[in-house]
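Notes follow once the structure below has been shown.
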Amino acid sequence: MKKAYRVKKSSEIEAIIRHKKSVGSKHFVLYTKKNHGQNHFRFAVSVSKKFGNAVERNVAKRRVREIISKLDIDDCYDVFVVIKNNANTISFEMFQKEITSLAIKLKIMR
448 MKKAYRVKKS
458 SEIEAIIRHK
468 KSVGSKHFVL
478 YTKKNHGQNH
488 FRFAVSVSKK
498 FGNAVERNVA
508 KRRVREIISK
518 LDIDDCYDVF
528 VVIKNNANTI
538 SFEMFQKEIT
548 SLAIKLKIMR
């Protein structure tokens, strides 16, 4: 995905969290906020250092980025994905299934 689709500033991430529209599961938490200033959706991914070493954290972030890029998310949202520590035990298919179900619960899909 292009870097234009990523939320980078911590102030923007905090604004998404403060908006308090979220849904969670055993392995992930998704926060959303409308972004009326953009013509495409944007997202950010966060993984704790307790998740594992740098390689494991980067693999998890790449998985989430791939899944988000395949979803048909509405253009007016900023999405912040938090990967919980126990998510390193599940497969890619489970990653995909849980993130998709959370996105459907938040009603951010087209």
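Numbers 448 to 557, taken from this note's numbering, label the letters of the sequence shown in order.
Note that beta-carbon positions come from the ideal geometry of N, C-alpha and C, so glycine has one too.
These numbers were taken from a predicted model, which means no experiment stands behind them.
Extent of the continuous alpha helix (DSSP H) run through residue 506: Taken as a continuous stretch (DSSP letters only), the alpha helix (DSSP H) holding residue 506 covers 501-517.
Which value, in whole angstroms, describes the spacing of the CA atoms of residue 476 and residue 533? Residue 476 and residue 533: Cα-Cα distance of roughly 12 angstroms.
Use the C-beta contact count for residue 453: other C-beta atoms within 10 angstroms, 16 or more gives buried, fewer gives exposed. Classification of residue 453: exposed, given that the 10 Å Cβ count is below 16.
Decide if residue 600 is buried, meaning its Cβ has at least 16 other Cβ atoms within 10 Å, or exposed. Because the chain in this structure spans residues 448 to 557, residue 600 falls outside the shown range and cannot be described.
Can you name the residues that DSSP bridges to residue 524? BP columns for residue 524 point to 481.
Taking only three categories from DSSP, how would you classify residue 557? Residue 557: coil per DSSP, three-state reduction.
What residues in its chain sit with their C-beta under 7 angstroms from that of residue 514, if we drop five residues either side in the sequence? Once the five neighbours on either side are set aside, the close Cβ partners of residue 514 are 542, 543 and 546.
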